[in-house]
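Student:
Number of protein chains: 2
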Amino acid sequence: MEQPVLDLSQDAAAVTAQLVDIPSVSLEEKHLADAVEAALRALPHLTVDRDGDSVVARTNLGRAERVVLAGHLDTVPIADNLPSRLDADGILWGCGTSDMKSGVAVQLRLAATLPAPNRDVTYVFYDAEEIAAEFNGLKRLAERHPDWLAGDFAVLLEPSDGKVEGGCQGTMRVRVETKGRRAHSARAWLGENAIHKAAPILARLAAYEPRQVPVDGLTYREGLNAVLIEGGHATNVIPDFCAVTVNYRFAPNRSEEEALAHVREVFDGYDVVLTDSAPGALPGLSHPSAVAFVDALGLEPAPKDGWTDVALFSALGVPAVNYGPGDPKLAHTREEHVAVAAVLEAEEKLKAWLS
Amino acid sequence: MEQPVLDLSQDAAAVTAQLVDIPSVSLEEKHLADAVEAALRALPHLTVDRDGDSVVARTNLGRAERVVLAGHLDTVPIADNLPSRLDADGILWGCGTSDMKSGVAVQLRLAATLPAPNRDVTYVFYDAEEIAAEFNGLKRLAERHPDWLAGDFAVLLEPSDGKVEGGCQGTMRVRVETKGRRAHSARAWLGENAIHKAAPILARLAAYEPRQVPVDGLTYREGLNAVLIEGGHATNVIPDFCAVTVNYRFAPNRSEEEALAHVREVFDGYDVVLTDSAPGALPGLSHPSAVAFVDALGLEPAPKDGWTDVALFSALGVPAVNYGPGDPKLAHTREEHVAVAAVLEAEEKLKAWLS
Chain A
733 MEQPVLDLSQ DAAAVTAQLV DIPSVSLEEK HLADAVEAAL RALPHLTVDR
783 DGDSVVARTN LGRAERVVLA GHLDTVPIAD NLPSRLDADG ILWGCGTSDM
833 KSGVAVQLRL AATLPAPNRD VTYVFYDAEE IAAEFNGLKR LAERHPDWLA
883 GDFAVLLEPS DGKVEGGCQG TMRVRVETKG RRAHSARAWL GENAIHKAAP
933 ILARLAAYEP RQVPVDGLTY REGLNAVLIE GGHATNVIPD FCAVTVNYRF
983 APNRSEEEAL AHVREVFDGY DVVLTDSAPG ALPGLSHPSA VAFVDALGLE
1033 PAPKDGWTDV ALFSALGVPA VNYGPGDPKL AHTREEHVAV AAVLEAEEKL
1083 KAWLS
Chain B
733 MEQPVLDLSQ DAAAVTAQLV DIPSVSLEEK HLADAVEAAL RALPHLTVDR
783 DGDSVVARTN LGRAERVVLA GHLDTVPIAD NLPSRLDADG ILWGCGTSDM
833 KSGVAVQLRL AATLPAPNRD VTYVFYDAEE IAAEFNGLKR LAERHPDWLA
883 GDFAVLLEPS DGKVEGGCQG TMRVRVETKG RRAHSARAWL GENAIHKAAP
933 ILARLAAYEP RQVPVDGLTY REGLNAVLIE GGHATNVIPD FCAVTVNYRF
983 APNRSEEEAL AHVREVFDGY DVVLTDSAPG ALPGLSHPSA VAFVDALGLE
1033 PAPKDGWTDV ALFSALGVPA VNYGPGDPKL AHTREEHVAV AAVLEAEEKL
1083 KAWLS
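Protein sequences, first through last, are from chains A and B. Okay, so the first sequence: first residue is 733 according to my numbering, each after it adds one. Okay, so the second sequence: first residue is 733 according to my numbering, each after it adds one.
1) For a cutoff of 9 Å on Cβ pairs, would you count Pro891(A) as touching chain B?
2) Taking only beta-carbon atoms, is Asn957(B) less than 9 Å away from chain A?
3) Is Glu890(B) near Thr1065(B), with beta carbons less than 9 Å apart?
4) With a threshold of 8 Å, are at least 3 pairs of Cβ atoms found where one atom belongs to the stretch 923-931 of chain B and the other to the stretch 871-883 of chain B?
5) What are the boundary residues of the alpha helix (DSSP H) that includes Thr845(A)?
6) Could you tell me the distance, in whole angstroms, from the CA atom of Ser892(A) to the CA atom of Glu862(A)?
7) Check the Cβ-Cβ distances between Asp1059(A) and every residue of chain B, and say whether any is below 9 Å.
8) Taking Gln750(B) as part of the alpha helix (DSSP H), name the residues at either end of that continuous run.
9) Please determine, among Val768(A), Leu793(A) and Lys762(A), the residue with the shortest C-alpha to C-alpha distance to His777(A).
10) Counting only Cβ-Cβ distances shorter than 7 Å, please list the residues of the stretch 939-964 of chain B near chain A, keeping chain order.
11) For Val978(A) versus Ala1010(A), is the C-beta distance shorter than 9 Å?
12) Under 9 Å, Cβ to Cβ, is there at least one residue of chain B near Arg851(A)?
13) Output, in chain order, the set of chain B residues within a Cβ distance shorter than 9 Å of Pro971(A).
14) Give the single residue among Ala975(B), Arg905(B) and Leu1044(B) whose Cα lies nearest to the Cα of Gly912(B).
15) Can you find a C-beta in chain A that's less than 9 Å from the C-beta of Lys929(B)?
16) Can you confirm whether Asp1037(B), when its beta carbon is compared against all beta carbons of chain A, has any partner nearer than 9 Å?
17) Taking the alpha carbon of Ala848(B) as the point to measure from, which residue in Thr791(B), Glu769(B) and Pro1035(B) has its own alpha carbon closest?
18) Check whether the Cβ of Arg1089(A) lies closer than 9 Å to any Cβ atom in chain B.
19) Can you check whether the C-beta of Asn985(B) is within less than 9 Å of a C-beta belonging to chain A?
20) Is there a C-beta anywhere in chain B that falls below 9 Å from the one on Asn979(A)?
21) So for Lys687(A), helix, strand or coil by DSSP?
22) Taking DSSP as the reference, what is the three-state secondary structure of Phe999(A)?
23) Is Leu814(A) closer than 9 Å to Asp766(A) when the C-beta atoms are compared?
24) Going along the chain, which residues of its own chain have a beta-carbon closer than 7 Å to the beta-carbon of Val787(A), five neighbours each way excluded?
25) Output the boundary residues of the beta strand (DSSP E) element that contains Glu909(A).
26) Is the CB of Ala935(A) under 9 Å away from at least one CB in chain B?
27) With a cut-off of 9 Å, does the C-beta of Ser917(A) fall near any C-beta of chain B?
28) Could you say which of Gly826(B), Ala864(B) and Asp1008(B) lies nearest to Thr903(B) if we only look at CA atoms?
29) Measure the beta-carbon distance from Asp806(B) to Val853(B) and round it to whole angstroms, keeping in mind my assumption that it falls under 8 Å.
30) With distances taken from CA atoms, which of Val1070(A), Arg914(A), Ala1063(A) and Arg905(A) is nearest Gly963(A)?
31) Assuming Ser786(B) is part of the beta strand (DSSP E), what are its boundary residues?
32) Looking at the secondary structure, which residues open and close the alpha helix (DSSP H) in which Pro932(A) lies?
33) Here's the rule: buried if 16 or more other CB atoms are within 10 angstroms of the residue's CB, otherwise exposed. What is Trp1096(B)?
34) For the beta strand (DSSP E) that Trp825(A) lies in, which residues bound it at each end?
35) Name, please, each residue of chain B whose Cβ falls closer than 7 Å to the Cβ of Asn925(A).
36) Measure the alpha-carbon distance for Ala1074(B) versus Val887(B) and round it to whole angstroms.
Here you go:
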């Protein structure tokens, strides 16, 4: 494959189409990372670093404040939705249009067109966000080069439908398990039915009232849900195990330890095995940079229900928000698309804020 | 493989060892069926028929009563437990010793040594009992040659540990299902959790008090049990389905229709999908032939908790019981074995009854 070249003189919507047409499924971002690196190195006002398929560029103007604009280069697997297609209604279709090559295009356009922003800016483009956390490029940068991510405030250009989303919820998964004793189902009284023993687990989940938690003026809606259940061996055997996988989404003012303690309390009397956990991120909207950002964009901030990499910035002590042109509901769908107008609006608003 | 020859002049325990040493895993019974057929055709007082790998032999003495003695030739897969081995304590070890080549050996010995029994006797040896019902040789004979199975009373020589087991329970499986609506688990309020909706299904099962039903003086213990449960798609998705597979074991005085109506009543308000069903068999112990049989053997009858092919005879209008030398708890185990003394006792008792 010939190395593709990005033309950053076009607007952010046109750049989005260029990016979408360079496939970059997770762990196969090299071509796109090469193109992004080459385009950034051509800009004399930036210094550029690379680690694996992550690229970081920055201005070095000695401004009082530094902001980080971050986005991931990878997409979920292509679902027969490439190359991109612009329809007559100004909608651009294709894998990654929404999540999140439109956001990456806005980053690249700002990098190209703002040689002297009013704040120093670090542009972070990273790999492997869409797969297991161990591969996450931003996590790797935070471990190997935390200085590359330093800043007073960060904006993650994940799709947020043009809203400013503060912080994010934590997420945790546990297996709540019961044990029994096998027996032939014709002689059930010789066994102990582990599936029947799971009845109170489901009853507690069904009766559970999730909290609605105000944090920094935003209301986070928690959730405690069975997402998987499995039990039993064969249709003539009394089952000796049952396991309910429960996902707890918790407001960012609750730590992982507190969240686990809460889950253990709900399932008191049962074996609770932690399988994975990620902390939330406080919205940090009271930080002056965040206030200025929200004011500049002129939008009401909203809570982020899901989990995003803003939590990684939060763990580094950098207040962070989500703001991007895509629609999160379209992420990972075959029908993924973005409105050209939304991409241009994001470009314009961020440019105004940094000018 | 040279065609093996059975020597029916030896006692039933020795014949058991001969049978065990001719492997006959389900659908691979040909060699054994050939040997059984050849041994029976050598007996001038019997007429012999064959269908596939099932062999049926009978006396034709014009007696007032005809009894059927039936057993299957196949075994479960060999578990490193062949050839047979007779230990110093008089225990014969090996695949099929208990289930049910010791029973088949008793049939063959009676066929060979009783040229003029006091009742006409039909000896049925059939294939493929240990696998899915569609392959069952007795079922095939009942469909193709019901006259071959005609009789006033039947004894199935399945292992019953030397007890007389009257009739058998029915068995039925249903899927009790809930439906919901998928959503991202970070926004659970947009979905409807099908696993949570299953809570009352498990609660009803846990609270269920199975009947203990007297039929013809025997007490059958019913059972209603979840044997499998599954639900959910992924750990970040609110599940839109949950299915509990329930096995109902019901006393033989309840029909399949009545059993299903009962299950539907228990799970009122839920989708109940019938997946499979087999009727029970009434013990029929009040039939004169059965009374004579139980008296002759001098044992207390017991109920059969499981399901056996006596139900097939029952469906043909032939009262049937289980009586065999093996131990049903050893069936299908690597440690399968039978006591020589138990085999000889069964041979002796049945011979006394037919003399």
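C-beta atoms are modelled at their ideal positions from N, C-alpha and C, and glycine is treated no differently.
Tutor: Well, looking at it:
1) No, Pro891(A) does not count as interfacial toward chain B.
2) Taking Cβ atoms only, chain A reaches closer than 9 Å to Asn957(B), which makes this a yes.
3) Against a cut-off of 9 Å, the Cβ pair of Thr1065(B) and Glu890(B) comes out as no contact.
4) Contact fails: fewer than three Cβ-Cβ distances are below 8 Å.
5) Run containing Thr845(A): Ser834 to Thr845, per the alpha helix (DSSP H) assignment.
6) So the two alpha carbons sit approximately 16 Å from each other.
7) Proximity of Asp1059(A) to chain B, defined by a Cβ-Cβ separation below 9 Å, is not satisfied.
8) The continuous alpha helix (DSSP H) containing Gln750(B) extends over residues Ala744 to Val752.
9) Minimum Cα distance to His777(A) is reached at Leu793(A).
10) When C-beta distances to chain A are compared with 7 Å, the residues of the stretch 939-964 of chain B below that value are Arg953, Gly955, Asn957, Ala958, Val959, Leu960, Ile961, Glu962, Gly963 and Gly964, in chain order.
11) Not closer than 9 Å, so no.
12) Closer than 9 Å: no.
13) Against Pro971(A), the close residues of chain B are Asn957, Ala958, Val959, Leu960 and Ile961, in the order they occur along the chain (beta-carbon pairs closer than 9 Å).
14) Put simply, of Ala975(B), Arg905(B) and Leu1044(B) the residue whose alpha carbon is nearest the alpha carbon of Gly912(B) is Ala975(B).
15) Interface with chain A (9 Å Cβ-Cβ cutoff): Lys929(B) is included.
16) Output row for Asp1037(B): interface = yes.
17) For Ala848(B), the closest alpha carbon among the candidates Thr791(B), Glu769(B) and Pro1035(B) is that of Thr791(B).
18) The structure shown does not extend to residue 1089(A), since chain A spans only 733 to 1087, so no value can be given for it.
19) Using a Cβ-Cβ cut-off of 9 Å, Asn985(B) does not count as an interface residue toward chain A, since no Cβ of chain A sits closer than that to its own.
20) By this cut-off, Asn979(A) is an interface position.
21) Given that chain A is displayed from residue 733 to residue 1087, the structure contains no residue 687(A) and the question cannot be resolved.
22) Here Phe999(A) sits in coil by DSSP.
23) Not a contact, by the Cβ cut-off of 9 Å.
24) Counting only Cβ-Cβ distances below 7 Å, and skipping sequence neighbours, we find Ala765, Val768, Glu769, Leu772, Val780 and Phe857.
25) Per DSSP, the unbroken beta strand (DSSP E) holding Glu909(A) starts and ends at Gly902 to Lys911.
26) So, interface residue.
27) Yes - at least one Cβ of chain B is within 9 Å of the one on Ser917(A).
28) Nearest option by C-alpha distance: Asp1008(B).
29) Not confirmed; about 22 Å, so no contact.
30) When the alpha-carbon of Gly963(A) is set against those of Val1070(A), Arg914(A), Ala1063(A) and Arg905(A), the nearest one is in Arg914(A).
31) Per DSSP, Ser786(B) belongs to the beta strand (DSSP E) from Ser786 to Arg790.
32) Residue range Ala931 to Ala939 is occupied by the alpha helix (DSSP H) that includes Pro932(A).
33) The structure shown has nothing for residue 1096(B), since chain B only spans 733 to 1087.
34) From DSSP, the beta strand (DSSP E) with Trp825(A) extends over Ile823 to Trp825.
35) In chain order: Asn957 and Ala958.
36) When rounded, the distance between both Cα atoms is 17 Å.
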